[in-house]
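Using the numbering used here, the first residue of the sequence shown is number 6, and each one after it goes up by one.
Idealized CB from N, CA, C, for every residue including glycine.
Have a look at the structure below, then the notes.
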Amino acid sequence: MAKKILLQPENFELETNTVWAFPERGKWATHDAKYRGNWSPYIPRNIILRYSKEGDTILDQFVGGGTTAVEAKLTHRNFIGVDINPSAIEITKNKCAFDFETQASTTLINGDARKLDLPDNSVDLICTHPPYADIIHYSEDIDGDLSLLSQKDFLFEIGKVAGECYRVLKKDKFCAILMGDMRHKGMVQPLAFETMRIFELAGFRAKEIIIKEQHNCKTTGYWKTNSIKFNFLLLAHEYLFILKK
């Protein structure tokens, strides 16, 4: 007899301030932490419930391990997931293959976030977690994989992503992006705010800036030792930008 999975989080409450922390990652439905760098399902659930309604169409053009796709299905939203890596599409397909009664659809596309094959003004919410430049490589040599780019090149290409986000999103709707900073030669590189500025240049306005505390980082012990030895602070937060068209 197959083990029955818990399909919804227990005792869930919407976040109400601009500092979010999820020490317990969230393990309902098919969620897990196997896909490196994926976000806690509490993040897309909060975004989806606050900035969309049932039957809306949600886009995640860096679908990765499928966390947003699962949450869209569980909250009765239509979902479009795009990723340049075909393995991410396959992982997401498997993640969404659980029994759940809904009229919402899930569409997965092996494509490029910089050139979406979607009509103008066709999406109700963008909810995505791009790579942080080349901190984690998600492929070895896929042409167009932004995770293989240096910070400078990444920021240039994310401008194309921002333009596509603005094009496909409906007027007065929201684009939510989680982004972290980097450190290079001991100095902080404010990748997150540089990314937000690029989205503003594309036409978006900042509705909210949320600080998301990081928990359960696998390399924390190693970096804690080095932070003292080489006198730098660990980057223990990311930024969640809620941007309005």
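| message | Distance check for Phe-105 and Val-173, CA to CA, integer angstroms please. | response | 28 Å
| Same chain, Cβ closer than 6 Å to Phe-84, neighbours up to 5 away in sequence not counted | Ile-63, Ala-74, Ala-77, Thr-111
| Under a three-way DSSP split, which group does Thr-35 fall into? | coil
| query | With C-beta atoms as the reference, is Asn-115 less than 9 Å away from Pro-91? | reply | yes
| message | Taking contact to mean 3 or more Cβ pairs, one atom from each stretch, closer than 8 Å, check whether the segment 137-157 and the segment 201-209 are in contact. | response | no
| said: Taking the straight line between their C-alpha atoms, what separation do you get for Thr-107 and Asp-88? | reply: 24 Å
| said: To test your reading of the DSSP string, which unbroken alpha helix (DSSP H) runs of 4 or more residues are found completely within the segment 151-194? | reply: 156-173
| request: Return the chain-ordered list of same chain residues with a C-beta closer than 6 Å to the C-beta of Phe-17, the five sequence neighbours on each side being excluded. | output: none
| query | With 16 as the cutoff for other CB atoms within 10 Å, does Val-68 come out buried or exposed? | reply | buried
| In terms of residue numbering, what span does the beta strand (DSSP E) encompassing Ile-63 cover? | 62-65
| Span of the alpha helix (DSSP H) holding Ile-203? | 196-206
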